[in-house]
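Below is one structure, written out as structure tokens; the observations come after it.
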Amino acid sequence: MDSLVLLATTDEYWIWQLPRTAPERVVLSDTYLTRNLVAAKAQTRPFRVLTVAADHATLWIGTGDGIRSEKVDGFPLTAPKEPPNPQREERIGDTPSTFSDEETRNFFRTVDEKLRAVLADDPRPLYLMGLAPALALLDEVGESSGSAVGRVTKGAPADLSPAEVLKELRPALDEGARRA
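Numbering of the sequence shown is given in our numbering, commencing with residue 100 and proceeding in unit increments.
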């Protein structure tokens, strides 16, 4: 689906990845005609999606036509696994709630910190996907979720395929396009 464009001179080179198909060809010229490339890239309205759960967070990058997992700044992130604490259960009589224990809160702080770095480096519209308690905790412990243009309140398993993410996200994307 993606096209790769290489522009090269003896002194420099540029690499563009476009989220659309293009015919395979080689063009030799003494100038770059990039206005069509810039227009094509702007038309695609690139966005990011953060799928978040208590034990993992995945950052996706996409356009209206496709989406892929992004491996940048530590994403995808997985929460450290803490062994069950039988002493806590004996002492208090329960186990900590998934979204109220300190390990989960620390994990969400890390997710927020990494997400802020990605958005500062390359700002794009952000959509969030996760269960309501996960999104609420992300709002509570961080700042990055405030810039989200859309939310999808649905569970986000770690093995969610790109097609499933895009399918669940479609209503929020359509709403974002209407507002833009």
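Note that CB positions come from ideal geometry on N, CA and C, so glycine has one too.
Note that the structure is a prediction, hence the values are computed from the model and not measured.
Which of the three DSSP states is assigned to residue i in this structure?
i: Met-100; result: With a pLDDT of only 49 at Met-100, under 50, the local geometry of the prediction cannot be trusted, and no value is derived from it.
i: Leu-106; result: strand
i: Gly-249; result: strand
i: Val-148; result: strand
i: Ala-156; result: strand
i: Leu-127; result: coil
The beta strand (DSSP E) with residue i in it runs from where to where?
i: Ala-219; result: Note, Ala-219: premise wrong, no beta strand (DSSP E); alpha helix (DSSP H) at 201 to 220.
i: Arg-167; result: 166 to 168
i: Leu-132; result: Element bounds for Leu-132: n/a, residue is neither H nor E.
Classify residue i: buried if its beta carbon has 16 or more other beta carbons within 10 angstroms, exposed otherwise.
i: Ile-166; result: buried
i: Gly-229; result: buried
i: Lys-213; result: buried
i: Ala-231; result: exposed
i: Thr-252; result: exposed
i: Val-125; result: exposed
Tell me which residue opens and which closes the alpha helix (DSSP H) that residue i is part of.
i: Leu-234; result: 231 to 240
i: Val-264; result: 261 to 278
Between the C-alpha atoms of residue i and residue j, what's the straight-line distance to the nearest angstrom?
i: Thr-109; j: Glu-239; result: 51 Å
i: Ala-262; j: Pro-179; result: 28 Å
i: Val-137; j: Trp-159; result: 22 Å
i: Gly-241; j: Asp-211; result: 5 Å
i: Glu-123; j: Asp-101; result: 12 Å
i: Asp-273; j: Glu-169; result: 22 Å
i: Leu-176; j: Trp-115; result: 27 Å
i: Ala-152; j: Glu-111; result: 43 Å
Taking Cβ to Cβ, would you say residue i is nearer than 8 Å to residue j?
i: Leu-106; j: Trp-113; result: yes
i: Leu-227; j: Arg-250; result: yes
i: Phe-174; j: Thr-162; result: no
i: Ser-243; j: Leu-218; result: yes
i: Ala-233; j: Phe-206; result: no
i: Val-148; j: Leu-268; result: yes
i: Thr-150; j: Ala-247; result: no
i: Arg-204; j: Leu-237; result: no
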